[in-house]
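K.L.:
Protein chains: 2
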Amino acid sequence: MASNSGIQWYFDDFEVGQVLQTGSRTVSEAEIIAFATQFDPQPFHVDHDAGAASIFGGVIASGWHTCSMMMRLVVDAFLSQSASMGSPGIEEIRWIKPVRAGDTISVQLTVREVRPSRSKPDRGVILLLWEASNQHGEPVATIKGLGMFGCRPAPSSL
Amino acid sequence: MASNSGIQWYFDDFEVGQVLQTGSRTVSEAEIIAFATQFDPQPFHVDHDAGAASIFGGVIASGWHTCSMMMRLVVDAFLSQSASMGSPGIEEIRWIKPVRAGDTISVQLTVREVRPSRSKPDRGVILLLWEASNQHGEPVATIKGLGMFGCRPAPSSL
Chain R
1 MASNSGIQWY FDDFEVGQVL QTGSRTVSEA EIIAFATQFD PQPFHVDHDA
51 GAASIFGGVI ASGWHTCSMM MRLVVDAFLS QSASMGSPGI EEIRWIKPVR
101 AGDTISVQLT VREVRPSRSK PDRGVILLLW EASNQHGEPV ATIKGLGMFG
151 CRPAPSSL
Chain D
1 MASNSGIQWY FDDFEVGQVL QTGSRTVSEA EIIAFATQFD PQPFHVDHDA
51 GAASIFGGVI ASGWHTCSMM MRLVVDAFLS QSASMGSPGI EEIRWIKPVR
101 AGDTISVQLT VREVRPSRSK PDRGVILLLW EASNQHGEPV ATIKGLGMFG
151 CRPAPSSL
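Protein chains in written order, with full-length UniProt numbering: chain R, 1 to 158; chain D, 1 to 158.
1) In the DSSP output, what is residue 125 of chain D paired with across the bridge?
2) Based on the DSSP secondary-structure assignment, which residues constitute the bridge partners of residue 19 of chain D?
3) By Cβ distance below 7 Å, which residues in the same chain neighbour residue 111 of chain R in space, the five residues on each side in sequence not counted?
4) Using a C-beta cutoff of 7 Å, does residue 67 of chain D count as contacting chain R?
5) Using a Cβ-Cβ cut-off of less than 8 Å, give me the residues of the segment 39-56 of chain D that come near chain R, in sequence order.
6) Compare the C-beta of residue 89 of chain R against all C-beta atoms of chain D and say whether one is closer than 7 Å.
7) How do the segment 19-33 of chain R and the segment 20-35 of chain D stand: do at least 3 beta-carbon pairs fall below 8 Å, yes or no?
8) By the criterion of Cβ-Cβ separation under 8 Å, what are the contact partners of residue 64 of chain D in chain R?
9) Take residue 73 of chain R as the anchor and find which of R:156, R:6 and R:132 has the nearest alpha-carbon.
10) Out of curiosity, what's the CA-to-CA distance linking residue 78 of chain R and residue 109 of chain R?
11) Going along the chain, which residues of its own chain have a beta-carbon closer than 6 Å to the beta-carbon of residue 117 of chain D, five neighbours each way excluded?
12) Kindly indicate if chain D contains any beta-carbon less than 7 Å away from that of residue 3 of chain R.
13) Given this structure, state the Cα-to-Cα distance separating residue 104 of chain R from residue 156 of chain R, to the nearest angstrom.
14) Using the Cβ count rule (16 or more neighbours within 10 Å means buried), how would you classify residue 102 of chain R?
15) Check the DSSP bridge columns for residue 141 of chain D and list the partner residues they point to.
16) For the pair the segment 57-73 of chain D and the segment 87-99 of chain D, tell me if three or more CB-CB distances fall below 8 Å.
17) So what's residue 33 of chain D in DSSP terms, helix, strand or just coil?
18) At a Cβ threshold of 7 Å, is residue 9 of chain D touching chain R?
19) Quick check: the Cα distance between residue 145 of chain R and residue 130 of chain R, rounded to an integer number of angstroms?
20) Out of D:106, D:57, D:151 and D:45, which one is the CA nearest neighbour of residue 136 of chain D?
21) Rounded to the nearest angstrom, what separates residue 152 of chain R and residue 9 of chain R at their Cα positions?
22) Where does residue 51 of chain R land, buried or exposed, given buried means 16+ other C-beta within 10 angstroms?
23) Pull the bridge partners of residue 104 of chain R from the DSSP assignment, please.
24) For chain R, is any of its Cβ atoms less than 7 Å away from the one on residue 126 of chain D?
25) Would you verify that the beta carbon of residue 95 of chain R is, or is not, closer than 7 Å to some beta carbon of chain D?
26) Quick one: give me the first and last residue of the alpha helix (DSSP H) that residue 12 of chain D is part of.
27) Please classify residue 6 of chain R: is it buried, with 16 or more other beta-carbons within 10 angstroms of its beta-carbon, or exposed?
28) Comparing C-alpha positions only, which one of R:87, R:99 and R:80 sits nearest to residue 98 of chain D?
29) In the DSSP assignment, find the unbroken alpha helix (DSSP H) run with residue 43 of chain D in it and report its ends.
30) I'd like the list of long-range same chain contacts for residue 39 of chain R, defined as Cβ closer than 7 Å, with 5 residues on each side in sequence excluded.
31) Excluding the 5 residues flanking residue 80 of chain D on each side, which residues of the same chain have their C-beta closer than 8 Å to its C-beta?
32) Going by C-alpha to C-alpha distance, which of R:149, R:82, R:70 and R:76 sits closest to residue 140 of chain R?
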C-alpha cells in the first residue's frame, strides 16, 4: 500500500533494549493553570499564591498534565510515524518530582517487552518505559506504557 | 486550625470497600480535537475524516483526555474537599472502550487499600479503583490510583 510510505515504525521494528530520545518542551505557569483549571483544579495547581503556601512551595503541574506533555513528546518523536493502533493501557505511573513553571522536560524511551498478538498475527503490543527528566537532569516522572502496533505488510502486498 | 473547616476527607475517613459516585461529564468532538491537538495529535484523535476511516470508525478521545476528565470528576466529587497532598502515582490504567464525541462519562470510586505512612505519622496513602462508564453503562476505563492524604488533626490542636 503506497499510503504506508510515511510509516517508519511497525511492530517488527521494535527490539528489547532499544532507546529513543524525544525532543523537549517548556511549560509556563499559564499553561499549568489552564490545564488544571479544566481538569485538576486543586489549589496548588491553579493558584499562584495557594501554590506558594502549599507543601510544594509553588504552583506545580497536574500529574495528568505532565503525562499529557510526555505523550506529545512521544507522538512527535516517533508515534506519528508509526503503525500505532492505540494503547490498551498503562502498567505504572510514578510522579517523582513536581514539574514547575519554566521547567523543560524531555523523555527517554526504552523498549522493555515485545509481545506478538496471539489471536491477531497482524499486530503486537510493545511495553515502553518512558522516563521524563527536567532541565537539571532530575527525573520527574516515569510511565510504563503499552502500545499496539501493526506489523509491516508482507512484501507480496506492497 | 479554623482554615481546615472545609475539609471533609482526611486519611482517617477512608475505609476499604467504601464506594463513592462522581457526577457526570459530556465531551464534544471539539473538546476531543482541542485536547489531542495539544497533547496527542494522532489522526484518529484530531481529524473527523481520519477518525471515520480508522479502526475506531470515528474520532475518539485520547486516553490521557479520558483520564483527565475522570480526574476532574474525582476532584469535584471529593478531592477538592479533602486533605489531599498529591499523588505518588498510578498502579494501572486500562482503556477498555473508546470515548467518543457526545459520550457522557461518570466514575465510581472504590477504596481498595488504606496504608498509614511508616515514616510520617501525619499522613497516609489510599489506593482507589476508579471505574469510568459511559451513558450506556459500558465500562470505558479503569485507573488504580494512589493518593496521599493528611490525617485529621488531633483534638488538642483544634
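No residue lacks a Cβ here, since even glycine has one placed at the ideal position from N, Cα and C.
P.N.:
Based on what the coordinates show:
1) Residue mapping note: residue 125 of chain D aligns to position 125 of the second sequence, counting from 1. Under DSSP, the beta-bridge partners assigned to residue 125 of chain D are D:115 and D:148.
2) By one-based count along the second sequence, residue 19 of chain D stands at place 19. Its beta-bridge partners are D:110.
3) Against the first sequence, residue 111 of chain R aligns to sequence position 111. Around residue 111 of chain R: 14, 15, 16, 17, 18, 126 and 128.
4) Position 67 of the second sequence holds residue 67 of chain D. Look at residue 67 of chain D: its C-beta is under 7 Å from a C-beta on chain R.
5) The residues in question are 39, 40, 41, 42, 44, 55 and 56.
6) For the purposes of this step, residue 89 of chain R is identified with residue 89 of the first sequence, where counting begins at 1. Residue 89 of chain R counts as touching chain D.
7) No, the segment 19-33 of chain R is not in contact with the segment 20-35 of chain D.
8) Your numbering for residue 64 of chain D matches position 64 in the second sequence. The contacting residues are 64, 67, 68 and 71.
9) Working through the first sequence from its first residue, we reach residue 73 of chain R at position 73. With distances taken between Cα atoms, residue 73 of chain R lies closest to R:132.
10) By one-based count along the first sequence, residue 78 of chain R stands at place 78. By one-based count along the first sequence, residue 109 of chain R stands at place 109. Straight-line Cα distance between these residues: approximately 10 Å.
11) Here residue 117 of chain D refers to the residue found at position 117 of the second sequence. Closer than 6 Å at Cβ, skipping near neighbours: 123 and 124.
12) As a working mapping, residue 3 of chain R is identified with position 3 in the first sequence. Confidence at residue 3 of chain R is low in this model, with a pLDDT of 49, below 50, so its placement is unreliable and the value that follows should be read with caution. For residue 3 of chain R, the nearest beta carbon of chain D is not closer than 7 Å to its own beta carbon.
13) Looking up residue 104 of chain R in the first sequence gives position 104. Looking up residue 156 of chain R in the first sequence gives position 156. Roughly 46 Å separates the two Cα atoms.
14) One-based indexing of the first sequence puts residue 102 of chain R at position 102. Here residue 102 of chain R is exposed, its C-beta having fewer than 16 other C-beta atoms within 10 Å.
15) For the purposes of this step, residue 141 of chain D is taken as residue 141 along the second sequence, with counting starting at 1. DSSP output for residue 141 of chain D lists D:95 and D:132 as bridge partner(s).
16) Between the segment 57-73 of chain D and the segment 87-99 of chain D there are three or more C-beta pairs closer than 8 Å, enough to call the two in contact.
17) On the second sequence, residue 33 of chain D is found 33 positions in, with the first residue counted as 1. Helix.
18) Within the second sequence, the letter at position 9 stands for residue 9 of chain D. By this cut-off, residue 9 of chain D is not an interface position.
19) As a working mapping, residue 145 of chain R is identified with position 145 in the first sequence. As a working mapping, residue 130 of chain R is identified with position 130 in the first sequence. If I take the Cα positions, the gap works out to 7 Å.
20) To locate residue 136 of chain D, count along the second sequence from 1; it is residue 136. When only C-alpha atoms are compared, the closest one is D:106.
21) Along the first sequence, one-based indexing puts residue 152 of chain R at 152. Along the first sequence, one-based indexing puts residue 9 of chain R at 9. Put simply, the backbone Cα of residue 152 of chain R is about 8 Å away from that of residue 9 of chain R.
22) In the first sequence, counting from the first residue as 1, residue 51 of chain R sits at position 51. Classification for residue 51 of chain R: buried.
23) Counting from one through the first sequence, the residue named residue 104 of chain R turns up at place 104. Its beta-bridge partners are R:26.
24) Walking along the second sequence from the start, residue 126 of chain D turns up at place 126. Judged by the 7 Å Cβ criterion, residue 126 of chain D is not in contact with chain R.
25) If you number the first sequence from 1, residue 95 of chain R lands on position 95. So yes, residue 95 of chain R belongs to the interface.
26) The residue given as residue 12 of chain D occupies position 12 in the second sequence. Bounds of any alpha helix (DSSP H) do not take in residue 12 of chain D, whose DSSP letter is neither H nor E.
27) The sequence position of residue 6 of chain R within the first sequence is 6, counting from 1. Around the beta carbon of residue 6 of chain R, fewer than 16 other beta carbons lie within 10 angstroms, which makes this residue exposed.
28) By one-based count along the second sequence, residue 98 of chain D stands at place 98. Considering only alpha carbons, the answer is R:87.
29) For the purposes of this step, residue 43 of chain D is taken as the residue at position 43 of the second sequence. That run of the alpha helix (DSSP H) goes 43-46.
30) By 1-based counting over the first sequence, the position of residue 39 of chain R is 39. Cβ neighbours of residue 39 of chain R beyond the five flanking positions: 62 and 64.
31) The residue labelled residue 80 of chain D in the question sits at position 80 within the second sequence. Taken in chain order, the list of residues that qualify is empty.
32) The residue labelled residue 140 of chain R in the question sits at position 140 within the first sequence. Closest by C-alpha distance to residue 140 of chain R, out of R:149, R:82, R:70 and R:76, is R:70.
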